[in-house]
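Line order of the protein sequences matches chains L and Z.
Just so we're aligned: the first sequence equals residues 6 to 265 in my numbering.
Just so we're aligned: the second sequence equals residues 4 to 442 in my numbering.
Ideal placement from N, C-alpha and C gives every residue a C-beta, glycine not left out.
Read through the structure below, which is laid out as structure tokens, and then see the notes.
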Amino acid sequence: MKIYTIEEFKSSQGKDPEIVFWVGCAGSFDSRAQKITLALAKILHHAKIGFAVLGNDETCTGDPARRSGNEFVFQLLALQNIETFKMHNIKKMVTACPHCFNTLKNEYPALGGNYDIVHHTQLIQSLIQEKRISIEGGAFNGKKIAYHDSCYLGRMNGVYEAPRNILNQLDAEISEPRRNRNNGLCCGAGGAQMFKEEEPGDKKVNVERVEELLESSPDIIAVNCPFCTLMMDDGLKNKEQDENVKVYDISELIIQANNW
Amino acid sequence: MAIQQIAFILLFALVSYLAYKSYSKIYKTIMLGKTIDLKADRPQRLKNVLLVAFGQKKMFKRLIPAFLHLSIYIAFLFTQVELIEIIIDGITGTHRIFADKIGLLYPLIINTIEFLSLFAFVSTIIFLWRRNLLKIPRFQSSEMNGWPKLDANYILLGELILIIGIFSFNSADTLLQSLDSSHYPDTGTLLISGWIGEQFLSGMSVSSLYILERFGWWLHLCVVFGFLLYLPISKHLHIMLAFPNVYFARLKPSGEIDNMPVITNEVKSMMGLETNTESDDNGEIPEFGANDIGDLYWKNILDAFSCTECGRCTSVCPANMTGKKLSPRKIMMDIRDRATEVQEGIIKNGTDHDDGKSLFDYISEEEIFACTSCNACVEACPIMINPLEPIIELRRYKLLTESKGPSEWMPMFNALENNGAVWQMPGQRFDWAKELSDN
Ligand code: SF4
Ligand code: SF4
Numbered sequence: 006m007k008i009y010t011i012e013e014f015k016s017s018q019g020k021d022p023e024i025v026f027w028v029g030c031a032g033s034f035d036s037r038a039q040k041i042t043l044a045l046a047k048i049l050h051h052a053k054i055g056f057a058v059l060g061n062d063e064t065c066t067g068d069p070a071r072r073s074g075n076e077f078v079f080q081l082l083a084l085q086n087i088e089t090f091k092m093h094n095i096k097k098m099v100t101a102c103p104h105c106f107n108t109l110k111n112e113y114p115a116l117g118g119n120y121d122i123v124h125h126t127q128l129i130q131s132l133i134q135e136k137r138i139s140i141e142g143g144a145f146n147g148k149k150i151a152y153h154d155s156c157y158l159g160r161m162n163g164v165y166e167a168p169r170n171i172l173n174q175l176d177a178e179i180s181e182p183r184r185n186r187n188n189g190l191c192c193g194a195g196g197a198q199m200f201k202e203e204e205p206g207d208k209k210v211n212v213e214r215v216e217e218l219l220e221s222s223p224d225i226i227a228v229n230c231p232f233c234t235l236m237m238d239d240g241l242k243n244k245e246q247d248e249n250v251k252v253y254d255i256s257e258l259i260i261q262a263n264n265w
Numbered sequence: 004m005a006i007q008q009i010a011f012i013l014l015f016a017l018v019s020y021l022a023y024k025s026y027s028k029i030y031k032t033i034m035l036g037k038t039i040d041l042k043a044d045r046p047q048r049l050k051n052v053l054l055v056a057f058g059q060k061k062m063f064k065r066l067i068p069a070f071l072h073l074s075i076y077i078a079f080l081f082t083q084v085e086l087i088e089i090i091i092d093g094i095t096g097t098h099r100i101f102a103d104k105i106g107l108l109y110p111l112i113i114n115t116i117e118f119l120s121l122f123a124f125v126s127t128i129i130f131l132w133r134r135n136l137l138k139i140p141r142f143q144s145s146e147m148n149g150w151p152k153l154d155a156n157y158i159l160l161g162e163l164i165l166i167i168g169i170f171s172f173n174s175a176d177t178l179l180q181s182l183d184s185s186h187y188p189d190t191g192t193l194l195i196s197g198w199i200g201e202q203f204l205s206g207m208s209v210s211s212l213y214i215l216e217r218f219g220w221w222l223h224l225c226v227v228f229g230f231l232l233y234l235p236i237s238k239h240l241h242i243m244l245a246f247p248n249v250y251f252a253r254l255k256p257s258g259e260i261d262n263m264p265v266i267t268n269e270v271k272s273m274m275g276l277e278t279n280t281e282s283d284d285n286g287e288i289p290e291f292g293a294n295d296i297g298d299l300y301w302k303n304i305l306d307a308f309s310c311t312e313c314g315r316c317t318s319v320c321p322a323n324m325t326g327k328k329l330s331p332r333k334i335m336m337d338i339r340d341r342a343t344e345v346q347e348g349i350i351k352n353g354t355d356h357d358d359g360k361s362l363f364d365y366i367s368e369e370e371i372f373a374c375t376s377c378n379a380c381v382e383a384c385p386i387m388i389n390p391l392e393p394i395i396e397l398r399r400y401k402l403l404t405e406s407k408g409p410s411e412w413m414p415m416f417n418a419l420e421n422n423g424a425v426w427q428m429p430g431q432r433f434d435w436a437k438e439l440s441d442n
């Protein structure tokens with residue numbers, strides 16, 4: 006499987022890509038999150054979607070800068086990205102990161118950037134509905150999956166059903182933590198917390214959330230966000246449960262089910 | 004003119020004057036904030052008022068307090084109908100002016116009010132018990148110590164007295180109607196106070212019944228007037244401000260943080276892009292974000308004055324529940340207290356007065372930098388207050404104006420500025436795909 010940049014795609018296929026895959030910082034640089042990037046790329050490949058990435062032309066959307074309060078750095082990145090989108094005439098994008106999704110969808114319009122942007126769980130759901138991909142049974146037989154809503158996909162953008170609809174296609178038992186959907190509890194990474202230590206307190210936010218997710222004794226914690234993935238992994242290590250319970254992005258579960 | 008009539012008119016005038024003064028002070032305090040135009044999207048705003056303010060939709064996330072609160076709230080709304088009669092009677096010296104004028108509607112209204120008042124009475128007692136004896140965590144936080152706790156209890160006690168007033172004058176009245184029908188027009192059967200009268204008051208002389216009736220009536224009235232004057236210094240101001248607050252609530256996507264056009268222009272001109280407006284560079288170093296009340300929008304201050312101190316926001320805040328200092332409720336209370344302080348300074352010393360204080364005398368960096376921007380507080384608030392907006396503005400002041408902030412963020416900013424990525428990484432952004440084609 007070859008990943009094309011937009012330029013490469015155009016010159017080799019002689020047309021514009023159907024959709025641009027916005028990878029984001031975590032998906033590009035973090036070794037754990039790269040696996041999610043790979044999973045989504047495989048899904049797009051199997052669905053025969055002509056997609057391309059921006060490659061080295063992509064930068065951070067600016068989400069952590071804006072939420073830290075550093076508007077200057079946010080605008081620097083956002084305006085640069087908007088220029089890049091203009092240059093490549095980009096209209097439609099998919100991303101596996103709810104932070105990128107939220108910023109591109111809700112914050113770039115005020116700076117003059119309007120795009121059709123979907124989160125990968127939304128895209129995967131419609132690929133399943135349109136029968137462009139199918140899910141093989143068997144891989145999750147007898148397994149229990151607890152689903153964690155990310156704040157940026159769930160509460161802030163109201164995407165609750167797409168990820169659940171996908172999970173329901175797996176032959177696993179799906180459990181919900183006490184706090185779910187619009188009452189979902191944060192993993193602790195948002196607002197640029199990912200990039201600093203937490204303030205003094207009694208507990209880490211990710212530990213609080215992992216404890217709650219572990220209440221239903223799942224085999225897998227399913228997430229929709231690379232930052233939640235990292236936070237949940239870390240929380241499981243803290244509870245010494247990382248051997249028994251695994252954290253996967255929804256795209257990774259599809260890959261496992263289909264043995265791609 | 005009877006002595007009671009004169010007393011009423013004087014009291015009414017005094018209360019109206021004092022109320023006008025204190026409410027216009029609240030209005031002026033709210034208007035210390037920056038202007039923002041929130042007139043658009045009227046239909047959506049009205050819908051919110053109907054569902055969230057009148058319908059209390061967001062209260063129903065927690066059923067028990069929702070029902071208790073609803074019963075007090077409906078009783079409150081209905082008693083306003085009775086208040087119209089009380090005021091007319093007070094001014095004109097009549098007694099129950101509507102009793103023989105609106106037929107069956109009269110006993111219907113009064114009976115409704117009595118039943119609602121009974122429910123409200125029970126609910127108020129449960130509320131007092133919940134707040135003081137049940138250790139409900141959201142009522143125990145440190146920001147609730149002292150005045151906020153007293154305030155909540157004062158109002159609940161006031162409510163009990165108010166209702167006792169209603170039942171005293173109604174039940175005395177039911178007996179007086181048969182003893183002195185020329186002065187006490189027939190109200191029709193009043194189920195609850197009729198029963199109270201029969202059980203507890205029969206056998207009382209006309210003059211003691213008369214005193215009881217007047218005592219209840221004046222007690223009720225004084226508590227109502229007292230409420231009116233007390234509200235501006237209480238969290239109970241929400242019974243008025245919740246409505247405009249919900250009307251003017253944010254309609255933009257909750258994930259969108261407000262743009263700063265000044266910075267857009269600056270960055271655009273740095274990048275050699277066309278800017279929207281001529282830069283109004285007057286040589287002064289600009290201030291960004293919020294340092295004090297005047298840097299917030301009036302809507303943020305309206306939020307602060309509407310806050311019910313219920314703590315629903317704080318109870319769902321991931322930072323707060325894991326023991327950090329941040330409490331979105333405290334942020335709103337601090338904004339209100341600072342705004343009041345600024346307004347009092349202006350009243351004493353004039354508009355240009357600077358007391359050398361700011362919001363940061365109330366809110367620490369440790370609090371604002373603990374926020375994960377998760378929006379749980381915004382979602383939880385029953386009257387659509389947004390504690391996240393001011394938190395971001397306070398962060399902006401620290402980061403942009405004072406160049407301060409958690410030191411661990413500095414490498415992130417450097418990486419973002421120099422490499423366009425949150426981490427300083429040795430390789431290139433697209434290297435992940437290279438590895439992919441390698442194996
Ligand atoms: S947005 Fe910030 S203040 Fe509000 S609940 Fe989340 S962490 Fe707490
Ligand atoms: S901000 Fe809203 S949820 Fe929080 S204490 Fe005030 S009224 Fe309650």
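The beta carbon of residue 363(Z) sits no closer than 7 angstroms to any beta carbon of chain L. Counting of Cβ neighbours within 10 angstroms places residue 22(L) among the buried residues, the total reaching 16 or more. Under the criterion of beta carbons closer than 8 angstroms, residue 256(L) and residue 125(L) qualify as touching, at roughly 6 angstroms. For residue 100(L), the enclosing beta strand (DSSP E) stretches over residues 97-100. Taking a Cβ-Cβ threshold of 8 angstroms, the residues of chain Z close to residue 161(L) are 256, 257, 258 and 378, in chain order. Sequence-distant partners of residue 97(Z) (beyond 5 residues in either direction) whose C-beta falls short of 8 angstroms from its own C-beta, in its chain, are 91. Using a 10 angstroms sphere on the CB of residue 186(L), the tally of other CB atoms stays under 16, which defines it as exposed.
Across the stretch 196-222 of chain L, CB contacts with chain Z closer than 9 angstroms involve 196, 197, 198, 199, 200, 201, 202, 203, 204, 205, 206, 207, 208, 209, 210, 212, 213 and 214, in sequence order along the chain. When C-beta distances to chain L are compared with 9 angstroms, the residues of the stretch 405-418 of chain Z below that value are 408, 409, 410, 411, 412, 414, 415, 416 and 418, in chain order. The continuous stretches of alpha helix (DSSP H) do not include residue 105(Z), and DSSP gives it neither H nor E. The C-beta of residue 38(Z) has fewer than 16 other C-beta atoms within 10 Å across all chains shown, which makes the residue exposed. Between the stretch 49-68 of chain Z and the stretch 182-189 of chain Z there are fewer than three C-beta pairs closer than 8 angstroms, too few to call the two in contact.
Here the stretch 143-152 of chain L lies against the stretch 172-179 of chain L, with 3 or more beta-carbon pairs under 8 angstroms apart. Assigned with DSSP and collapsed to three states, residue 251(L) falls in strand.
In the structure shown, residue 10(L) falls within a strand segment according to DSSP collapsed to helix, strand and coil. Those residues of the stretch 70-85 of chain L placed with their C-beta closer than 9 angstroms to a C-beta in chain Z are 70, 71, 72, 73, 74, 75, 76, 77, 78, 79, 80, 81, 82, 83, 84 and 85, ordered along the chain.
Taking a Cβ-Cβ threshold of 7 angstroms, the residues of chain L close to residue 324(Z) are 213, in chain order. Minimum Cα-Cα distance from residue 212(L) among the listed residues 79(L), 146(L) and 247(L) corresponds to 247(L). Nearest C-alpha to residue 210(Z) among 223(Z), 176(Z) and 109(Z): 176(Z).
Residue state for residue 379(Z) is assigned as helix, using DSSP reduced to three classes. In this chain, the alpha helix (DSSP H) harbouring residue 106(L) covers 103-107. Within the same chain, 57 come within 6 angstroms of residue 9(L) by CB-CB distance, once the 5 residues on both sides are set aside.
Not one heavy atom of ligand 1 falls within 6 angstroms of the beta-carbon of residue 105(L). The beta carbon of residue 312(Z) sits closer than 6 angstroms to at least one heavy atom of ligand 2. Annotation: residue 357(Z) to residue 145(Z) spans about 29 angstroms, alpha carbon to alpha carbon.
Taking a cut-off of 8 angstroms for Cβ pairs, the stretch 319-334 of chain Z and the stretch 197-212 of chain L touch, as three or more such pairs fall below it.
Within the chosen limit of 6 angstroms, ligand 1 does not reach the beta carbon of residue 65(L) with any heavy atom. One alpha carbon belongs to residue 203(Z), the other to residue 81(Z), and they sit about 26 angstroms apart. Shortest Cα-Cα distance from residue 407(Z) to any of 134(Z), 338(Z) and 292(Z) involves 292(Z).
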